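Those protein sequences? They're chains A and B, same order as listed.
Numbering that gives the first Met the number 0 applies: residue 0 is where the first sequence begins, and numbers increase by one.
Numbering that gives the first Met the number 0 applies: residue 0 is where the second sequence begins, and numbers increase by one.
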Amino acid sequence: MEKEFEPKIVAFCCNWCSYLAADSAGMARNQYPSNVHIIRCMCSGMVHPNFVIDALTKGLADGVMVCGCHPGDCHYQDGNKRAESRSEAIFLMLEDFGLEQERFRLEWISASEGQKFAGVSGEMTQTLKELGPNFYKS
Amino acid sequence: MKGSVLVVGAGPAGMRASSELANQGFSVFLVEEKPTIGGKMAQIDKMFPSNECSSCTILPRMLEIVNDPNINIIAFAEVLSIAGKPGDFKVKVLKKPRYVDPMRCNACTDCFPVCPVGGVPMEYNLGRGASKAISFYSPFPPRKALIHPEKCTYLLSGECGDQEQPPCVQACERRAIDFSQKPVTGELHVGAVIIATGSDELHTDPLAEYGYGKMPNVLTALEYERLLSGMGPSGGVVKRDDGTAPQTVAWYVMDSASPIGFMTAVTEAMGTAEKNSNASVRVLHENTNISRETYSDFIQKAQEANVKIVPVDAVAATEGTDGNINISYQTAGRENQLADVNMFVLVPPLAPSESAQKLAQNIDVQLNPWGFFDKQSGDTHPIHTSREGIFVCGSALEPKGIDDAAIQACAAASHAAALLSEARGTVLAPQPEKKYLPITSEDEPSIAALICKCGPNIGGLLDINELAEYTASLPYVKQVEVAPFGCGGGEIREMLRRKGFNRVLVGGCSPKTHEEVFAMYAEGGGINRYLMEIVNLRNHCTWVHSTDPKAATEKAKTLMRMGARRVALQEPLEDIHIPVSPAALVIGGTPSGVACALKLAQADLQVYLVEKESDLSVVKANQSTFVGRLIDALAKLENARIFTGSELGAVQGYLGNFNAEIITSAGKEKVDIGSIVIATDQNIATPSDNGDYEAQLFLQRSANNFFVGMLGNLNPLDFNTAGVFKCGPARMEMGVLDAIMDGEGAASRIAGIISKTEMVKSPIISIVVDEKCDGCAYCIEPCPARAVTLIEYMHNDGTKKKTVEVNDAVCLGCGSCMATCPKDAVYIQNFKPEQIMEMVQSVSEEA
Numbered sequence: 000m001e002k003e004f005e006p007k008i009v010a011f012c013c014n015w016c017s018y019l020a021a022d023s024a025g026m027a028r029n030q031y032p033s034n035v036h037i038i039r040c041m042c043s044g045m046v047h048p049n050f051v052i053d054a055l056t057k058g059l060a061d062g063v064m065v066c067g068c069h070p071g072d073c074h075y076q077d078g079n080k081r082a083e084s085r086s087e088a089i090f091l092m093l094e095d096f097g098l099e100q101e102r103f104r105l106e107w108i109s110a111s112e113g114q115k116f117a118g119v120s121g122e123m124t125q126t127l128k129e130l131g132p133n134f135y136k137s
Numbered sequence: 000m001k002g003s004v005l006v007v008g009a010g011p012a013g014m015r016a017s018s019e020l021a022n023q024g025f026s027v028f029l030v031e032e033k034p035t036i037g038g039k040m041a042q043i044d045k046m047f048p049s050n051e052c053s054s055c056t057i058l059p060r061m062l063e064i065v066n067d068p069n070i071n072i073i074a075f076a077e078v079l080s081i082a083g084k085p086g087d088f089k090v091k092v093l094k095k096p097r098y099v100d101p102m103r104c105n106a107c108t109d110c111f112p113v114c115p116v117g118g119v120p121m122e123y124n125l126g127r128g129a130s131k132a133i134s135f136y137s138p139f140p141p142r143k144a145l146i147h148p149e150k151c152t153y154l155l156s157g158e159c160g161d162q163e164q165p166p167c168v169q170a171c172e173r174r175a176i177d178f179s180q181k182p183v184t185g186e187l188h189v190g191a192v193i194i195a196t197g198s199d200e201l202h203t204d205p206l207a208e209y210g211y212g213k214m215p216n217v218l219t220a221l222e223y224e225r226l227l228s229g230m231g232p233s234g235g236v237v238k239r240d241d242g243t244a245p246q247t248v249a250w251y252v253m254d255s256a257s258p259i260g261f262m263t264a265v266t267e268a269m270g271t272a273e274k275n276s277n278a279s280v281r282v283l284h285e286n287t288n289i290s291r292e293t294y295s296d297f298i299q300k301a302q303e304a305n306v307k308i309v310p311v312d313a314v315a316a317t318e319g320t321d322g323n324i325n326i327s328y329q330t331a332g333r334e335n336q337l338a339d340v341n342m343f344v345l346v347p348p349l350a351p352s353e354s355a356q357k358l359a360q361n362i363d364v365q366l367n368p369w370g371f372f373d374k375q376s377g378d379t380h381p382i383h384t385s386r387e388g389i390f391v392c393g394s395a396l397e398p399k400g401i402d403d404a405a406i407q408a409c410a411a412a413s414h415a416a417a418l419l420s421e422a423r424g425t426v427l428a429p430q431p432e433k434k435y436l437p438i439t440s441e442d443e444p445s446i447a448a449l450i451c452k453c454g455p456n457i458g459g460l461l462d463i464n465e466l467a468e469y470t471a472s473l474p475y476v477k478q479v480e481v482a483p484f485g486c487g488g489g490e491i492r493e494m495l496r497r498k499g500f501n502r503v504l505v506g507g508c509s510p511k512t513h514e515e516v517f518a519m520y521a522e523g524g525g526i527n528r529y530l531m532e533i534v535n536l537r538n539h540c541t542w543v544h545s546t547d548p549k550a551a552t553e554k555a556k557t558l559m560r561m562g563a564r565r566v567a568l569q570e571p572l573e574d575i576h577i578p579v580s581p582a583a584l585v586i587g588g589t590p591s592g593v594a595c596a597l598k599l600a601q602a603d604l605q606v607y608l609v610e611k612e613s614d615l616s617v618v619k620a621n622q623s624t625f626v627g628r629l630i631d632a633l634a635k636l637e638n639a640r641i642f643t644g645s646e647l648g649a650v651q652g653y654l655g656n657f658n659a660e661i662i663t664s665a666g667k668e669k670v671d672i673g674s675i676v677i678a679t680d681q682n683i684a685t686p687s688d689n690g691d692y693e694a695q696l697f698l699q700r701s702a703n704n705f706f707v708g709m710l711g712n713l714n715p716l717d718f719n720t721a722g723v724f725k726c727g728p729a730r731m732e733m734g735v736l737d738a739i740m741d742g743e744g745a746a747s748r749i750a751g752i753i754s755k756t757e758m759v760k761s762p763i764i765s766i767v768v769d770e771k772c773d774g775c776a777y778c779i780e781p782c783p784a785r786a787v788t789l790i791e792y793m794h795n796d797g798t799k800k801k802t803v804e805v806n807d808a809v810c811l812g813c814g815s816c817m818a819t820c821p822k823d824a825v826y827i828q829n830f831k832p833e834q835i836m837e838m839v840q841s842v843s844e845e846a
């Protein structure tokens, strides 16, 4: 039997909210697929669009998530808003590169929302399984 | 005189007073009666008027004070007596037994599943949810297990299980369980005391009239907060007792005298509407008067989010069908209204915390008739208790929002600092001298790797041998050791005793909780703390993939690969030291400004006060005798220079290093200051012929002309421009006593900067690569700290080059500049694009 496609997912999580959300998911034993790999950043506003685009167009990941604090909760006032406006550019670039919009996801997840982190990770994994591998992966 | 302070109560006010004092050079004992810190702020879901997540906002603050060597947290303890006089108090403290040695317990939780006693209602969740007889009290620090003596079989009967030792003792590899613990009394020697014991819901008979205790879906506001909280018993999903989600919820605010209950109800209703947009939510209140602008704005926002606000005269509740509650109420001037609601939340009046009365008796301090620490006689300053040298702040004085509690905590800290100024810095924890191995960029990385099993938490799921073997095969990894509990430090110290390593990689638990501990071990072994990386194998792998050991082991390998690649590219960094001008500038001789200057001067700090009127007595004539006394006291202090009939000219500089021009009738004078506070009246427009400090300091005002600053509840006195503060009517309408406390609070914020000769800050900041920067300046606007400026310089050959420059003193290290740069010309230390992309690359590879 052929092995089921297991997407590789990179999740950029901010140091103040969503990284802690992933920690909370652990504490509460909220289960999610092992496809998601977290990279800690100081702020969601630190994530250069190139990190996302390179990860996808170089075929390094099947999907990328950027997770930050809810609007108004940003440790640096408005880094998450910057992440949001950059995400619009990211979606446009995905289109240019012929990549599905679903391969990128921006989420606001607070430190206490472990369940949400697990939920979003599960959804993202499922979506990418249905979408199949990133065609930039040779 | 002792340079240490006792703070009683570790809620937001007590925690804040502690960190303010530690920051000003005092040592703090923080005594908390509960087993964990955080108070009500950690229990509630969201705060008004900012609607910020409460537990997420307080958690980083908790970790900060837990890691502060000058704050000694004594949890699960009470104060028995205070003898002595201001400057020299002897405090008796009783520590209650947890039956677990906190020095040994590492929060592995192995003892929980083996405990045969379940169903213990969780006090932290107000009886909702259940734990074992050995458990954590809450998700917050200090994260140590605790045995409930009234439930524990062994403590009740002397035996548990069929073996010689109880199962929990057998399960605990670190031998932390200690049934022989007894209450212990100790003595602390401090110079001043701050009481911050907070408030609690008053549970009295009227609650029962509305069905509380009889109908399962009638609950109190604090109980409802636990249901809303993501860290609560239902993970943030509000459920009725039968497990269904409520569609209609009503709140009844039982105390109309204070805005706090009403605001709490509105915040909860809004939180409910945010989680379930179909829910019908209404807040019944008896004409609570809300005068504060930020509060009324919040209420308006809630109404826009479909929260109905209903002024009522009389409310009654009877049992309905299906667990519902039939409520009836009279709206102002209208007929009786009936409603059938799924849940009914009562918001009782707030009373002093249960232990306040006992504490007041123990330490001989007066309470007011309602039991708050508000003296009935003597001087009128709210922060002074009836006993000199003992101060009070936060809701222990009267119920208040978290923003006001933060200000009062700062004010109380400035009173204690003024009292103990001559002992500042005398009892601080010694700073260990750091000796690192010299590493140059030519040195090849040599990684010592440790895999922590965390008992069964990691070791029970992963194939540890396979993971260790794989880790050893990763580039630059020279040695791998496996530890049952790496946080004990034995294995890592042993490994680093062998020379030749220059980096440390730890596979274990979360860096958010253990970075400090492992950094300490790395430094002990001569390795710079920034050359240490923790891979979160527990929270991000074994705990969340616990049903699939094979997949979890594969992911663990990937995570170790990511960590190894990252740490290989890390650079040794040193803390940044920034010299500080040890003086402050107060703009405005208002009661706030005078109170601020007085507290700074009393704390032996240099202060300049600029007032446009010709004499402070003009201010005095318009104010109470209380303010008059402050002005007289200030005039007597040599280190306060008062410039009356003066204006501010040009202001330049940044946190710790400002300079300002003061224009007096006699001419111009220049002063160097480390910090500035705006204490003007609201309606004074700054721009004058002499200068425009508002523009020079990037200060902003609201539509109503009030100064606005940092978002959020915890820093109401801070501007976004670091080192600049605001207080009194300059930031919102307030009475004279509040204005004075505002000024004193600002004094504490300022003293935190100027009481030291230099500031020490994290080196995780932005670095500009001049060769790559073409001066496009895209990075300037996104910087929340305004740390980036465009400069131009000339090469030796006469050609000009534009580039950006980052001010180390104010850069927050958020990386907004990095994400904006089209040329990869600016990066955050140890978050370089190549480090991040190496980690992404690692994800793509197979083990």
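By construction, the Cβ of each residue, glycine as well, lies at the ideal position given by its N, Cα and C atoms.
Fair warning: this is a prediction, and the values are worked out from it, not measured in the lab.
Residue i versus the options, residue with shortest Cα-Cα distance
i, options, result
"B:L449", "B:G734, B:G488 and B:Y435", "B:G488"
"B:L584", "B:A41, B:E573 and B:A659", "B:A659"
"A:A24", "B:K84, B:P138 and B:V99", "B:P138"
"B:G10", "B:C392, B:A316 and B:G185", "B:C392"
"B:G458", "B:Y792, B:F484 and B:A518", "B:F484"
"A:M123", "A:D22, A:R28, A:C13 and A:H36", "A:H36"
"B:E743", "B:A244, B:V534, B:T425 and B:A416", "B:A416"
"B:D737", "B:A808, B:F697, B:H380 and B:A551", "B:H380"
"B:E850", "B:V839, B:N656, B:V707 and B:S420", "Residue 850 of chain B lies beyond the stretch modelled for chain B, which goes from 0 to 846, so this question has no answer here."
"B:A410", "B:A745, B:G812, B:G13 and B:N829", "B:A745"
Helix, strand or coil at residue i according to DSSP, with G and I counted as helix
i, result
"B:K641", "One point to set straight first is that residue 641 of chain B is Ile, not Lys, in the sequence displayed. Strand, per DSSP."
"A:R104", "strand"
"B:H513", "helix"
"B:D254", "coil"
"B:G523", "helix"
"A:H47", "coil"
"B:F178", "coil"
"B:L79", "strand"
Element boundaries [beta strand (DSSP E), containing residue i]
i, result
"B:V805", "K799 to V805"
"A:F11", "I8 to C13"
"B:T317", "V306 to E318"
"B:D671", "G666 to I672"
Distance cut-off 7 Å: residue i Cβ against heavy atoms of the ligand GTP
i, result
"B:P429", "No copy of the ligand GTP appears in this structure; indeed no ligand is present at all."
For residue j and residue i, believed in contact at Cβ under 8 Å, the rounded distance
i, j, result
"B:G722", "B:I763", "So it is not a contact: roughly 19 Å between Cβ atoms."
"B:I406", "B:D741", "6 Å"
"B:L79", "B:L58", "The Cβ separation is near 31 Å, so there is no contact."
"B:F135", "B:A144", "6 Å"
"B:S754", "B:A678", "So it is not a contact: roughly 19 Å between Cβ atoms."
Strand pairing of residue i, partner residues [DSSP]
i, result
"B:S198", "B:P351"
"B:S472", "Bridge partners of B:S472: none, in fact."
Residue i, enclosing alpha helix (DSSP H) - first and last residue
i, result
"A:F90", "G78 to D95"
"B:K619", "L615 to A620"
"B:P141", "Per DSSP, B:P141 belongs to no alpha helix (DSSP H) and is neither H nor E."
"B:Y153", "T152 to S156"
"B:C816", "S815 to T819"
"B:E573", "Where B:E573 is concerned, there is no enclosing alpha helix (DSSP H), given that its DSSP letter is neither H nor E."
When you check each C-beta in the segment 298–328 of chain B against every C-beta of chain C, which residues fall closer than 9 Å? Looking at the structure shown, chain C is missing, and the protein chains on hand are A and B.
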